[in-house]
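Numbering (this note's numbering), first residue to last: 184 to 542. To start, the structure under review is shown below, and the notes come after it.
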């Protein structure tokens with residue numbers, strides 16, 4: 184149990200005043216923070232979307248564990264997200280990470296809830312209703328437990344548990360030069376949905392977009408769908424002569440960020456075809472379509488690097504999937520992204536970065 188005691192002088196020395204010796208989280212950024220935290224774990228443990236634990240199962244199944252945190256006014260806002268959708272999105276984010284590791288379903292979720300004492304039960308009830316509905320619709324499993332605490336703002340910390348299919352995991356590090364880059368669906372819809380909810384679009388922009396597209400976009404933002412079905416198709420389309428080797432991640436942080444993550448972890452260059460980006464055709468007239476496709480985030484599709492023959496089979500099974508480029512040997516000391524066809528302007532990914540906004 185926590186104890187309360189009288190304050191005593193702290194014998195520890197003051198933290199270093201030199202920013203380079205003791206940087207703030209804003210100076211480190213999310214990637215720098217994770218890099219430093221990785222020193223406390225086994226080598227390579229933080230490279231993927233989730234951890235895989237070997238249970239000694241002779242069939243090759245492993246337990247996959249992932250945790251995501253959703254913070255009010257960072258990941259969701261009462262102005263754009265109803266409580267039910269807060270719960271749905273919290274579950275979907277975790278389930279998407281399981282799919283990105285190669286799971287075809289979930290064993291269950293645990294939930295840590297922090298909320299002010301003034302929070303109404305109806306808000307909590309709706310959030311857990313959304314969690315349960317998403318879990319039953321995508322992945323199966325049950326709510327396994329969790330914890331709750333009071334706090335100044337609403338926070339959900341969700342841990343998802345899943346089991347790998349016998350084929351093997353999907354690893355960010357498993358891409359190779361010559362692999363096709365495939366995404367499992369269109370990108371930019373969630374960002375368009377957020378723009379609709381925030382009333383960011385001008386009347387002329389709204390006029391050029393079909394009402395059906397706007398409805399789809401709002402649903403894509405509020406109720407994203409983890410792509411367990413695409414993992415099943417991936418296993419079904421594996422050529423008999425190829426061993427299981429698939430690099431990949433999900434696109435929760437944006438398509439460009441996902442492609443770069445796989446390329447960097449695999450020591451490759453991700454070469455994207457600008458003319459084959461997965462932009463919803465009805466979105467094409469919108470000037471922001473390409474930017475939102477690359478950097479909008481929260482589309483929760485899979486971005487995979489795999490043998491071109493395997494990619495051909497996968498594309499036939501997954502509606503809306505698209506070959507968006509390929510992996511090449513790293514063209515510079517720092518692996519990353521580039522456009523196909525010798526575009527002189529380097530491709531920059533600008534997905535959301537925690538801490539960067541706080542300066």
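Where a beta carbon is used, it is the ideal one built from N, C-alpha and C, also for glycine. In this text, all values refer to a predicted model and were calculated from it rather than measured experimentally.
Proximity winner among the options, relative to residue i (alpha-carbon distances)
i, options, result
"residue 521", "443, 216, 311", "443"
"residue 311", "321, 292, 322", "292"
"residue 459", "503, 470, 238, 235", "503"
"residue 308", "336, 361, 267", "267"
"residue 362", "488, 514, 328, 394", "488"
"residue 524", "506, 454, 468", "454"
"residue 271", "320, 226, 223, 297", "320"
"residue 262", "379, 237, 229, 490", "379"
"residue 497", "406, 365, 389, 279", "365"
"residue 475", "282, 436, 451", "436"
"residue 543", "343, 367, 348", "The structure shown does not extend to residue 543, since the chain is modelled only from 184 to 542, so the question has no answer here."
"residue 481", "410, 385, 501, 451", "410"
"residue 326", "215, 490, 274", "274"
"residue 370", "396, 318, 491, 355", "396"
"residue 402", "387, 385, 381, 377", "377"
"residue 295", "269, 330, 324", "330"
"residue 450", "214, 213, 212, 230", "230"
Buried versus exposed, by CB contacts within 10 Å (16 or more), residue i
i, result
"residue 423", "exposed"
"residue 430", "buried"
"residue 383", "exposed"
"residue 434", "buried"
"residue 219", "exposed"
"residue 305", "exposed"
"residue 479", "buried"
"residue 501", "buried"
"residue 303", "exposed"
"residue 208", "exposed"
"residue 223", "exposed"
Three-state secondary structure assigned by DSSP to residue i
i, result
"residue 238", "coil"
"residue 434", "coil"
"residue 509", "strand"
"residue 259", "strand"
"residue 335", "coil"
"residue 429", "coil"
"residue 380", "helix"
"residue 502", "coil"
"residue 363", "strand"
"residue 485", "strand"
"residue 303", "coil"
"residue 594", "Past the edges of the chain, shown from 184 to 542, lies residue 594, and the structure says nothing about it."
Straight-line gap, residue i to residue j (C-alpha atoms, nearest Å)
i, j, result
"residue 300", "residue 254", "16 Å"
"residue 484", "residue 372", "11 Å"
"residue 470", "residue 390", "13 Å"
"residue 432", "residue 284", "7 Å"
"residue 358", "residue 427", "12 Å"
"residue 248", "residue 233", "6 Å"
"residue 465", "residue 421", "32 Å"
"residue 509", "residue 335", "46 Å"
"residue 413", "residue 204", "45 Å"
"residue 507", "residue 456", "6 Å"
"residue 338", "residue 438", "26 Å"
"residue 374", "residue 415", "27 Å"
"residue 237", "residue 246", "7 Å"
"residue 200", "residue 206", "Interpretation of residue 200 is limited by its pLDDT of 44, a score under 50 that renders its predicted location unreliable; no figure is taken from the coordinates."
"residue 217", "residue 381", "31 Å"
"residue 446", "residue 486", "11 Å"
"residue 407", "residue 277", "11 Å"
DSSP beta-bridge partners of residue i
i, result
"residue 294", "329, 341"
"residue 521", "454"
"residue 249", "343"
"residue 286", "347"
"residue 254", "338"
"residue 354", "430"
Neighbour flag for residue i against chain B, beta carbons, 9 Å
i, result
"residue 410", "The chain inventory of the structure shown lacks chain B, comprising one protein chain alone."
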